[in-house]
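Since the structure comes first, as structure tokens, the remarks are kept for the end.
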Amino acid sequence: MKKIILSLAIVGIVGAVAIGGTIAYFSDTETSTGNTFTAGTLDLKTYTNDWANPIYVDSPLTVHITRGDLKPYAAWSHNYGGQWVLKNTGSIPGTFSMKIVNVKNYENGCLDMETDAGDVTCVAGTDQGELGNLLWVKWSRNQIPWGGWGTKMTPLNSAEGVVVTGDVLNPGETRNVLLDIEWDTHAGTQDNLGQGDSIEFDIEFRLNQSPIAE
Numbered sequence: 037m038k039k040i041i042l043s044l045a046i047v048g049i050v051g052a053v054a055i056g057g058t059i060a061y062f063s064d065t066e067t068s069t070g071n072t073f074t075a076g077t078l079d080l081k082t083y084t085n086d087w088a089n090p091i092y093v094d095s096p097l098t099v100h101i102t103r104g105d106l107k108p109y110a111a112w113s114h115n116y117g118g119q120w121v122l123k124n125t126g127s128i129p130g131t132f133s134m135k136i137v138n139v140k141n142y143e144n145g146c147l148d149m150e151t152d153a154g155d156v157t158c159v160a161g162t163d164q165g166e167l168g169n170l171l172w173v174k175w176s177r178n179q180i181p182w183g184g185w186g187t188k189m190t191p192l193n194s195a196e197g198v199v200v201t202g203d204v205l206n207p208g209e210t211r212n213v214l215l216d217i218e219w220d221t222h223a224g225t226q227d228n229l230g231q232g233d234s235i236e237f238d239i240e241f242r243l244n245q246s247p248i249a250e
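Residues 37 to 250, numbered by our numbering, are exactly what the sequence shown covers, in order.
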């Protein structure tokens, strides 16, 4: 008789568990509709050199810097560079950078002062001139807070292809960017190597999405 009662008790427990698995509780369901995801934009534009009628333009840029009659000066006394104003017209922050590319050094024939200084690259061609080794460059922020990107001036030839990282540009923000170009005096007759030479190069500006700080 005890065995029968124990068996019935076990059956009862199993039955209770089975019934409990099918019990329904209160519930409520709400649906969120109309969810939309839109990608942000990152768009870098540059300011034209017409300050009276400022226009921000896309690539290719039509702003060119031309300098003539360059000559050596004492250190930090003269700047042959130029300025560009960069603007983020997109909707998300981006970090801009700049790079000098396509440097071409023209000899333009050798003067007697050049040959006397040891210039032997007097043939025609785009890689014969010495001006790119005599001009030194540095990228600087031409606004408050003043300062430059990088630690020192670099020969223009050595700066070719080097990416210089600038600042974060928030949407609608601008930055005045100066390419400082100087011809500091060199020892002996070294500066004579650049007499009559010319140089040409392009500048590539880029805006990359800024990483989110963790």
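The beta carbon of each residue, even a glycine, is placed where N, CA and C say it ideally should be.
In this text, all values refer to a predicted model and were calculated from it rather than measured experimentally.
Simplified DSSP state of residue i, which is helix, strand or coil
i, result
"Asp216", "strand"
"Glu143", "coil"
"Glu166", "coil"
"Glu250", "Legend: pLDDT at Glu250 = 47, less than 50; position of this residue unreliable, value from coordinates given subsequently. Coil, per DSSP."
"Asp152", "helix"
"Leu42", "With a pLDDT of 46 at Leu42, under the threshold of 50, the modelled position of that residue is not reliable, and the figure given next carries that caveat. Here Leu42 sits in helix by DSSP."
"Gly232", "coil"
Nearest to residue i (by Cα), restricted to the options the options
i, options, result
"Asn193", "Thr162, Thr210 and Cys146", "Thr162"
"Asp216", "Phe62, Asn178 and Thr131", "Asn178"
"Gly154", "Leu229, Lys135 and Ser113", "Leu229"
"Gly224", "Trp112, Thr69, Asp152 and Ala195", "Asp152"
"Ile180", "Thr157, Leu170, Arg211 and Glu196", "Arg211"
"His222", "Gly208, Pro191, Ser246 and Leu205", "Pro191"
"Thr82", "Gly208, Ser63, Thr74 and Pro247", "Gly208"
"Glu240", "Asp94, Val156, Asp227 and Asn206", "Asp94"
"Ser246", "Leu205, Glu196 and Ser113", "Leu205"
"Arg242", "Glu66, Pro129, Cys158 and Thr67", "Pro129"
DSSP beta-bridge partners of residue i
i, result
"Ile239", "Ile136"
"Lys81", "Lys123"
"Gln245", "Gly130"
"Pro181", "Its beta-bridge partners do not exist; DSSP assigns none."
"Pro191", "Trp172"
"Leu205", "Gly130"
"Glu66", "Answer is none; Glu66 lacks a bridge partner."
Within 8 Å, strictly: CB atoms of residue i and residue j
i, j, result
"Val200", "Gly186", "yes"
"Leu147", "Ser234", "no"
"Gln164", "Glu143", "yes"
"Pro108", "Asp220", "yes"
"Asn138", "Asp238", "yes"
"Ser71", "Glu218", "Note that residue 71 is Asn in the sequence shown here, rather than Ser. No, they are not a contact pair."
"Leu170", "Leu122", "no"
"Trp120", "Val213", "yes"
Cβ-Cβ separation, residue j to residue i (assumed contact under 8 Å), whole Å
i, j, result
"Trp175", "Met189", "Not quite, the Cβ-Cβ distance comes to about 10 Å (not below 8 Å), so this is no contact."
"Thr77", "Ser133", "The Cβ separation is near 18 Å, so there is no contact."
"Thr125", "Asn244", "Not really, about 15 Å apart at Cβ, beyond 8 Å."
"Gly232", "Gly104", "Gly232 to Gly104, Cβ: 12 Å. No contact."
"Ile101", "Gly118", "4 Å"
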